[in-house]
Amino acid sequence: MAGFGWKLHGDGRSPAPGAVVKPDERLSWGRTIGLGAQHVVAMFGATFVAPVLMGLDPNLAVMVSGVATVFFLLVTGGRIPSYLGSSLSFVGVAAVIKAQGGDAATLTGALLVVGAVLAACGAVVQAAGAKVIHMVLPPVVTGAVVMLIGFNLAPVTAGTYWPQDQWTALLTMLFTGLALVVLRGFWSRIAIFLGLVFGYALSWASDRIFGQIHSANGAGVVTDHWRLDLSGVSKADWIGLPTLHAPSFSASAVLVALPVVVALIAENAGHVKAVGEMTGDPLDDRLGVAIMADGAATMISTSVGGPATTTYAENIGVMAATRVYSTAAYWCAAGFAILFGLCPKFGAVIAAIPGGVLGGITVVLYGMIGLLGAQIWVHNRVELTNPLNLVPVAAGVIVGIGNVSLKISDNFSLSGIALGTLVVLLGYHALRLMAPAHMKQPQTPLLDAGTSEYDGESPER
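Going by numbering that gives the first Met the number 0, the sequence shown opens with residue 0, and the numbers climb by one from there.
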């Protein structure tokens, strides 16, 4: 499959109870376009915020995320439905590089090198076979990494979004959850988008009824402010090119950024595994290609001044909620992103989404992402009563979720997802070398439930 020629799923309206819309299928084009819009909504917050935090042009980030997604879908042959948005893993790296005197070009140069290294690692995985990933990232490790990636985002909700308007956040969360469970057909598939619209309208109405709110604003400063501030929309142009710049290269900046490769490999592998869990498609043969595609997409983005890209867990959460894995929806999302990246006024509308609304939606989305890790454990029968599995997972998940930091030098530290990943990964393999034989249970492959073989061999259970 080259990624085109989608088959119509059923009547094109919604999947049957218990069924899913597979990557090579689609709903009606109207519904598919609507789902593409929902994927844009899901990715936009992080894709827009990450470059802002790193000092890069957010409209450029949105535009190149669409280009990167198209590139990824083409390279992977349409088998891995994923959206490539701005990577938040480099926000800390950007701060360190800036403290060293580097500018935006220095940062994007370092990220370009990271993309090249990631692509090279993907080539190794593709050449050596997926068994390399199975050996390095068994189900207990990958499940933990997926879990800490999702739950590591919890402080963003709890500390940044929710405090801006706790009641709007609560009502938006309840509405979104109710929509996901109660609504039927297409409406349940766009429940997250409906939650956003509900929260947007609720914030507008609250401003009219109750006036300004006294709470933290987007910058974290407690003050009186409007929940929905649309002043930036009227000032923004309808059409405008984002700001481009060429990267520059600094050895010290590259050394600061390179360790993130470890987290990116685990993150990509975890996302591919999660997609495999949901679609029922064995993806071992495309794992290396997916990692290569992500690395190459990062090189494309950073070569014009954009941020590093990565497959987005937010959109995996949307797929988990909708049971629609059609790559056609991602093509629509990519098209929207490219057009919206050329429209500063659209960026201003999205930037105006009240923090309380994002708080309510991300509570649901981020939780669903984290629980995909638990799903990997359940489907692969990971035994967490075994100390060999329990100890590294327990430590790594807490390190990742708690955003624990390890300062290695004045210019380099590991924290959050990167450190949690290392604790799980290195801790598991180090303990496995020293563990007694009865703890070394055979490892099953890291694919969707029911997959019992790879490369023609059946693993022991």
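Using N, Cα and C, we set each Cβ at its ideal position, and we do this for glycine too.
- Met146 is positioned such that its CB atom lies no closer than 8 angstroms to that of Gly316.
- One Cα belongs to Asp10, the other to Val19, and the distance between them is close to 13 angstroms.
- Unbroken alpha helix (DSSP H) runs of no fewer than 4 residues, entirely contained in the segment 130-207, are found at 130-135, 138-150, 165-181 and 184-188, following chain order.
- Annotated three-state conformation of Val40 is helix, per DSSP.
- For the options Gly401, Gly305, Leu263 and Pro50, the alpha carbon positioned closest to that of Leu117 is the one of Leu263.
- Asp223 is bridged by DSSP to His213.
- In the structure shown, Lys97 falls within a helical segment according to DSSP collapsed to helix, strand and coil.
- Per DSSP, Leu55 lies in no alpha helix (DSSP H) segment and is marked neither H nor E.
- Residue state for Arg78 is assigned as coil, using DSSP reduced to three classes.
- Here Phe174 is buried: its Cβ has 16 or more other Cβ atoms, across all protein chains shown, within 10 Å.
- Using a Cβ-Cβ distance cut-off of 8 angstroms, the segment 87-97 and the segment 285-305 are not in contact, since fewer than three pairs of beta carbons, one from each stretch, lie closer than that value.
- Going by beta carbons, Ile238 and Leu357 fall outside the 8 angstroms limit.
- Taking a C-beta distance under 8 angstroms as the contact criterion, Ser64 and Leu34 do not qualify as a contact pair.
- Two segments are said to touch when three or more pairs of C-beta atoms, one from each, lie closer than 8 angstroms; by this definition the segment 208-228 does not touch the segment 267-280.
- Annotated three-state conformation of Val69 is helix, per DSSP.
- When rounded, the separation of the alpha-carbon atoms in Leu227 and Ala204 is 9 angstroms.
- The alpha carbon of Val398 has as its nearest neighbour, out of Val423, Ile407 and Pro386, the alpha carbon of Val423.
- Contact between Pro391 and Tyr427 holds, with the beta-carbon distance rounding to 4 angstroms and staying under 8 angstroms.
- Gly149 places its beta carbon 8 angstroms or farther from that of Thr171.
- DSSP, read as helix, strand or coil, puts Ser414 in strand.
- Taken through DSSP and simplified to helix, strand or coil, Thr310 comes out as strand.
- With distances taken between CA atoms, Pro80 lies nearest to Phe70 out of Phe70, Val140 and Thr301.
- If you draw a straight line from the Cα of Ile407 to the Cα of Arg380, it comes to about 36 angstroms.
- At a Cβ-Cβ threshold of 8 angstroms, Thr68 and Arg285 do not count as neighbours.
- For Phe209, the number of other beta carbons within 10 angstroms of its own is below 16, and it is reported as exposed.
- DSSP places Lys6 in the strand class (E or B) of the three-state scheme.
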